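A.B. asks:
Number of protein chains: 2
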Amino acid sequence: MSLRHAVLGLLARRPSTGYELARMFDLSLRSAWHAKHSQIYPELAKLEELGWAEVVSRGPRGSKTYALTDAGHSELRRWLVEVPPDRGQRNEGAVRLFLGQLLGPEDRRAVFERDVAYVEQEEAELRALRDDLDPDEPFAAQVDLGLRINAVLLEWLREQASRD
Amino acid sequence: MSLRHAVLGLLARRPSTGYELARMFDLSLRSAWHAKHSQIYPELAKLEELGWAEVVSRGPRGSKTYALTDAGHSELRRWLVEVPPDRGQRNEGAVRLFLGQLLGPEDRRAVFERDVAYVEQEEAELRALRDDLDPDEPFAAQVDLGLRINAVLLEWLREQASRD
DNA sequence: AATTGACCTGTAAGAAATGACATGTCAGAT
DNA sequence: ATCTGACATGTCATTTCTTACAGGTCAATT
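Read top to bottom, the protein sequences are chains A and B. Per the working numbering, the first sequence runs over residues 1 to 164. Per the working numbering, the second sequence runs over residues 1001 to 1164.
1) For A/A12, I'd like the list of residues in its chain whose CB is within less than 6 angstroms of its CB, leaving aside the five on either flank, ordered along the chain.
2) Looking at the strands, I want to know which residues DSSP matches up with A/R90.
3) Give me the chain B residues within the contact set of A/A14, using Cβ-Cβ distance strictly less than 7 angstroms, ordered along the chain.
4) Between which two residues does the beta strand (DSSP E) carrying B/S1057 extend?
5) If contacts are defined as beta-carbon pairs under 8 angstroms, then B/N1154 and B/V1111 qualify, I think. What distance do you get, rounded to the angstrom?
6) Please decide whether A/I149 counts as near chain B, where near means a Cβ-Cβ distance under 8 angstroms.
7) When you compare the CB positions of B/S1038 and A/E92, do they come within less than 8 angstroms of one another, or not?
8) Count the other C-beta atoms from every protein chain shown that fall within 10 angstroms of the C-beta of B/E1043, then say buried if there are 16 or more, exposed otherwise.
9) Please state the DSSP three-state secondary structure of B/A1128.
10) Whole angstroms are fine: how far does the CA of B/A1022 sit from the CA of A/L142?
11) Contact between the region 1099-1118 of chain B and the region 78-86 of chain A is defined here as three or more beta-carbon pairs at a separation below 8 angstroms; is this criterion met?
12) Terminal residues of the continuous alpha helix (DSSP H) containing B/K1207?
13) By DSSP's criteria, A/A67 is part of a beta bridge. Which residues make up the other side?
14) Assign A/L133 to one of two classes, buried (16 or more other C-beta atoms within 10 Å of its C-beta) or exposed (fewer than that).
15) Sort out for me which residues DSSP pairs A/S31 with in a bridge.
16) Give the DSSP-derived three-state secondary structure of B/S1162 in the structure shown.
17) DSSP on B/S1074, reduced to helix/strand/coil?
18) Any beta-carbon of chain B closer than 8 angstroms to the one on A/S2?
19) How should A/S16 be labelled, buried or exposed, when 16 other C-beta atoms within 10 angstroms of its C-beta is the threshold for buried?
20) Any beta-carbon of chain A closer than 8 angstroms to the one on B/L1099?
21) Tell whether a beta-carbon distance below 8 angstroms holds between A/Q101 and B/F1025.
22) Whose Cβ in chain B lies nearer than 9 angstroms to the Cβ of A/L126?
23) By Cβ distance, which residues of its chain are closer than 6 angstroms to B/V1007, with the 5 residues on each side in sequence left out?
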């Protein structure tokens, strides 16, 4: 299960509340993993039970900020370094790209143009993110990768949209 | 649920048995969606029940070849064209890339080098696939996209592995 | 003073996915 | 003749994920 280690990894970046983690899954991590708050809160409880995270402070609205324990840090490292990655993925957008060839010319064009619009918007968001990021923050490399992949995807989509 | 439409899409490409579908999920579709045979067989039964697919022939070892019905084709088209894509994805490899920044220089290098090796191998497979593919087969464009994304990923991974 | 919207945490039923179990066929090699 | 490996289909218990329900706080606007 990757959710556990995704949460562990986000907490390693900075101590957070469940609410903040939910937002991170929707924003920075959205092109890698997705999780709802209804999964996150029980998972935080589980991490605490395992001794990998603990509540380090409580906010005025009942919020609980979790941080990794030493055991949590070493578990995260162990997982990243020693556990062979599970390469299987679930990506509906990619399934659609794969199946786009089945459509007739008009439908195909419409579908690819919809995707072009989406990727363009994502590109704008990534650019904005990069521009107000400390350039020597380590996370900048990941944003850069996102931009590069978006660029080739956009080029390919445009080729497909203008095909026939 | 995308599994349903992924199966529908594979059957639209060519009528297949559950066993063949399972292999396609492991091979051609592996970077987009993953499904085990234990999910595929019940799904085929469901598709038949919905009237979207039917058994068109039976092989000597009890195999059943399914094909789309007309209703199945129009459902697939409807989904591709009219249903807004679910952009949420699950990709453990991407989570790991995202979290790689948390590691110390040595661990990070080892992890990125493992990924380089994996992507190189995948690249070789994609090249082989492209080379024995009819160049005007529509599927060739998808293989090409895979190769382009692999290329930028490989470049980025090498940069990361040789950083510091 | 009331309202709105962001913040904040949880639970529970049901759907989807995995891993293990279970069974059998057929072709080719030893 | 036996064995191995690919072919082939299914079920079931458990785990994971989604959707819907449910409740409460606080700051800023009206």
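Using N, Cα and C, we set each Cβ at its ideal position, and we do this for glycine too. Since this is a predicted model, take the numbers as computed values, not measurements.
C.D. replies: Let me lay it out:
1) L68, L76
2) B/R1090
3) First, the amino acid is wrong: residue 14 of chain A is Arg here, not Ala. Neighbours of A/R14 on chain B: none; closest Cβ ~11 angstroms, over 7 angstroms.
4) 1053-1058
5) It should be noted that the sequence gives Leu, not Asn, for residue 1154 of chain B. Actually they do not touch by this definition, with Cβ atoms about 15 angstroms apart.
6) yes
7) no
8) buried
9) helix
10) With the sequence shown as reference, residue 142 of chain A is identified as Gln, and Leu is not the correct amino acid for it. Taking the straight line joining both Cα atoms gives about 33 angstroms.
11) yes
12) Not covered by the structure: residue 1207 of chain B. The range shown for chain B is 1001 to 1164.
13) A/E54
14) exposed
15) Answer by DSSP bridge pairing: none, since A/S31 is not bridged.
16) coil
17) helix
18) yes
19) buried
20) yes
21) no
22) Residues of chain B passing the Cβ test: none, with the nearest at roughly 13 angstroms.
23) E1043
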